[in-house]
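Read through the structure below, which is laid out as structure tokens, and then see the notes.
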Amino acid sequence: MPLINVIRGEAVPTAPFTVRTPVLRLPIWLLVLWQTVKALYWLAAAYVRFWYVTLPATLLTWLYLRFDWQGPVSLAGGVAAVGAAWWFGHRPSCLRFGCYPVLARWRRFVYRRRWTAAMVTAKLAVSYDGQTIIPVLKRVRCRAGSDVVVVRMVTGQIPDDFAKASERLAHTFGVRQVKAIAGDAFGTVVLVLLRGDTLHSVVAPPAVTAAPDFTALTLGVREDGAPYELRLFGTQILIVGATGSGKGSVIWSLVRSLAGGVGSGLVQLWGLDPKGGMELGIGRPMFARFASRDFAEMAQMIEQAASTAQDRAARLAGATRQHTPTLADPLIVLVIDELANLTAYLTERQLKDRIKAALGIVLTQGRAVGVHVVAAIQDPRKEVLPARGLFPTRIGLRLSEPAEVDMVLGDGMRDRGALCDRIPQTQPGVGYVALEGDPTPMRVRFSFLEDDHIRDMAHTYGRLRVIDGEATGGGAA
156 MPLINVIRGE
166 AVPTAPFTVR
176 TPVLRLPIWL
186 LVLWQTVKAL
196 YWLAAAYVRF
206 WYVTLPATLL
216 TWLYLRFDWQ
226 GPVSLAGGVA
236 AVGAAWWFGH
246 RPSCLRFGCY
256 PVLARWRRFV
266 YRRRWTAAMV
276 TAKLAVSYDG
286 QTIIPVLKRV
296 RCRAGSDVVV
306 VRMVTGQIPD
316 DFAKASERLA
326 HTFGVRQVKA
336 IAGDAFGTVV
346 LVLLRGDTLH
356 SVVAPPAVTA
366 APDFTALTLG
376 VREDGAPYEL
386 RLFGTQILIV
396 GATGSGKGSV
406 IWSLVRSLAG
416 GVGSGLVQLW
426 GLDPKGGMEL
436 GIGRPMFARF
446 ASRDFAEMAQ
456 MIEQAASTAQ
466 DRAARLAGAT
476 RQHTPTLADP
486 LIVLVIDELA
496 NLTAYLTERQ
506 LKDRIKAALG
516 IVLTQGRAVG
526 VHVVAAIQDP
536 RKEVLPARGL
546 FPTRIGLRLS
556 EPAEVDMVLG
566 DGMRDRGALC
576 DRIPQTQPGV
586 GYVALEGDPT
596 PMRVRFSFLE
606 DDHIRDMAHT
616 YGRLRVIDGE
626 ATGGGAA
């Protein structure tokens, strides 16, 4: 029996059956009811989802209907009075639990409006199976001068992808800088959007403590407004910066934080100033040993430090893993103002070899036995400073070229936000600190000590007193 095409009415032996979709005719009242239920469901969902807007609006409407205009005005006045009392009574909690959450809601709305375009133009969107997949904005938190945005990455992405696009994101969202940090949850990245510059003002010198905490020496202020505390135990410190970048601010901030220990005898500062004492000479009484012109004496000092480190290591082996400073066995800190003059520019080859060999011993063996090096240098190239990798703590101040940032702080640090080449000349003492094993650089401004501050500190805490050009023993606690 031939098959019949029911649409055309023709006999087509090989044609398949053609089935017409049935048409259901519903009464108009049922369609209206269905659309009304859908609209009510959408309104209820929107009411619950945007409760931070709908609940206040509902309350204001009820107050107006119940008490006329006096109701909303009284509520607004009461909220303003409580907010003012909270603000002036305890501002930190008001900011944390009141202002910042409200601001975060608004910022989330602003970021969501630009989010898709930002991810596509920054090349963070992924095309898969004919679809465009973008990272998901999960949460926004506000802090002083910055917004913290938690993002769920697309499968296959890593935080470094966002770090490389940080400059594009900064221009897109109109902020000063964007930092990308690996999130706590798997598959997330934290974007820190820095809006203002909290390090614009000069930082005053910190107060001198009688007993320095060698695990937390206050040297300046971090970008989030908290004090920057340096851990001296277990590290060696390298300071790199162009001329006028503020290397002296770092050195004298560290010396001031150790001044109490210098006065009591727990700390000995050994100063090496190959530039003739122009930088360290003003604080000469703070240094138990000091050399500024005789390179042979500088080589002897570094060799003495290496010998001390080896002797302590042999004595403390098997007893402890960290030296504890005492009056008989103090902490020794070698402060070298321009290290390149000793490792690269010194013409006497024999002295240069002696210095390099002794310095290598101090850098590798001195961290745990209380012999530390704080060295400043302008040129970070490997041929100028071969032992660059032996400094776990590196501080990059203003640098001349973008390539120098990774030389100083490590590979990829500039992509992660260490823009040392962008630091303006009007902000000496601003720099980035990188710790060994920590992929996130920290922006810091070190305190500034004027010459009078250094002289007063040297007079009060120095182990040597300079009187009429002669150095006399004695110290002040």
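So the sequence shown is numbered by the working numbering: it starts at 156 and just counts up by one.
Ideal Cβ positions, reconstructed from N, Cα and C, are used throughout, including at glycine.
Since this is a predicted model, take the numbers as computed values, not measurements.
*Are the beta-carbon atoms of A97 and H478 separated by less than 9 Å?*
Within the shown structure, residues of the chain are numbered from 156 to 632, placing residue 97 beyond reach of any answer.
*Taking the alpha helix (DSSP H) that G226 falls in, what are its first and last residues?*
225-244
*Enumerate in chain order the residues of its own chain whose CB-to-CB distance from A337 is below 6 Å, with the five nearest sequence positions on each side excluded.*
P314
*asked:* Spatial neighbours of S248 within its chain, please: C-beta separation below 8 Å, excluding the five flanking residues on both sides.
replied: W241
_So the candidates are V192, E378, L230, D570; which of them puts its Cα closest to the Cα of R600?_
The shortest C-alpha separation from R600 is found at E378.
*Start and end residues, alpha helix (DSSP H) containing D611*: Looking at the DSSP string, the run of the alpha helix (DSSP H) that includes D611 is 606-616.
*asked:* What would DSSP say about A359, mapped onto helix, strand or coil?
replied: coil
*Straight-line Cα distance separating S412 from A376*: According to the sequence displayed, residue 376 carries Val and not Ala. Computed Cα separation, rounded: 14 Å.
*How is the beta strand (DSSP E) around R444 delimited, first residue to last?*
From DSSP, the beta strand (DSSP E) with R444 extends over 442-446.
*Just mark H633 as buried or exposed, buried being the case when its beta carbon has 16 or more other beta carbons within 10 Å.*
Any answer about residue 633 is impossible in this case: the structure gives the chain only from 156 up to 632.
*Out of G396, V363, Y207, which has the shortest C-alpha to C-alpha gap to P579?*
G396
*Candidates M562, S301, M453, L349: which alpha carbon is nearest L506's?*
Among M562, S301, M453, L349, the Cα nearest to that of L506 is on M453.
*Report yes or no: do three or more beta-carbon pairs, one from the region 249-261 and one from the region 280-291, lie closer than 8 Å?*
no
*Is V488 near L387, with beta carbons less than 9 Å apart?*
In terms of Cβ geometry, V488 and L387 form a close pair [threshold 9 Å].
_Using 9 Å as the threshold, is the C-beta distance between G426 and A451 below it?_
no
*Within the same chain, show all residues whose beta-carbon is closer than 6 Å to that of L393, passing over the 5 residues directly before and after it, in chain order.*
A530, F546, R549
_Across the region 563-576 and the region 328-337, are there enough close Cβ pairs to call them in contact, namely three or more that are closer than 8 Å?_
yes
*asked:* Tell me the DSSP secondary structure of P555 in three-state form.
replied: Note on residue identity: the sequence assigns Ser, not Pro, to residue 555. Correct three-state label for S555: coil.
*In terms of residues, what are the limits of the alpha helix (DSSP H) holding T498?*
495-498
_the region 596-613 in contact with the region 397-412 per 3-pair CB rule at 8 Å_ = yes
*How many Å lie between L554 and Y207 at the Cα?*
Put simply, the backbone Cα of L554 is about 47 Å away from that of Y207.
*Roughly how many whole angstroms lie between the Cα atoms of V203 and V344?*
Near 29 Å, if we compare the C-alpha coordinates of V344 and V203.
*Have a look at E384, D368, T498 and flag the residue whose alpha-carbon is nearest the alpha-carbon of P480.*
D368
*State the Cα-Cα distance for the pair V251 and T353, rounded to the nearest angstrom.*
With the sequence shown as reference, residue 251 is identified as Arg, and Val is not the correct amino acid for it. R251 and T353: Cα-Cα distance of roughly 18 Å.
*Using DSSP with H/G/I as helix, E/B as strand and the rest coil, what is M597?*
strand
*How is H478 classed by DSSP in three states: helix, strand or coil?*
Note: H478 maps to coil in three-state DSSP.
*How about V330 and L349: do their beta carbons lie closer than 9 Å?*
Closer than 9 Å, so yes.
*Over what stretch of residues does the alpha helix (DSSP H) that includes L186 continue unbroken?*
Start and end: 183-204.
*Within the region 317-397, ranges of the beta strand (DSSP E) (whole runs, at least 3 residues)*: 332-337, 343-349, 372-377, 382-385, 392-395
*Exposed or buried, what is S419 when buried is set at 16 or more other beta-carbons lying within 10 Å of its beta-carbon?*
buried
*From V560 to G567, what distance separates their C-alpha atoms?*
Each residue's Cα considered, the two are about 9 Å apart.
*Where do the ends of the beta strand (DSSP E) carrying Q465 lie?*
Segment 450-471 is the alpha helix (DSSP H) holding Q465; no beta strand (DSSP E) there.
*Under the three-state reduction of DSSP, which class applies to A272: helix, strand or coil?*
When secondary structure is reduced to three states using DSSP, A272 falls in the helix class.
*asked:* Which of the three DSSP states is assigned to K430 in this structure?
replied: In the structure shown, K430 sits in coil (DSSP, three-state: anything other than H, G, I, E or B).
*For the beta strand (DSSP E) that L489 lies in, which residues bound it at each end?*
486-491
*asked:* Looking at the secondary structure, which residues open and close the beta strand (DSSP E) in which A589 lies?
replied: It spans 585-590 - the beta strand (DSSP E) in which A589 sits, taken as one unbroken run.
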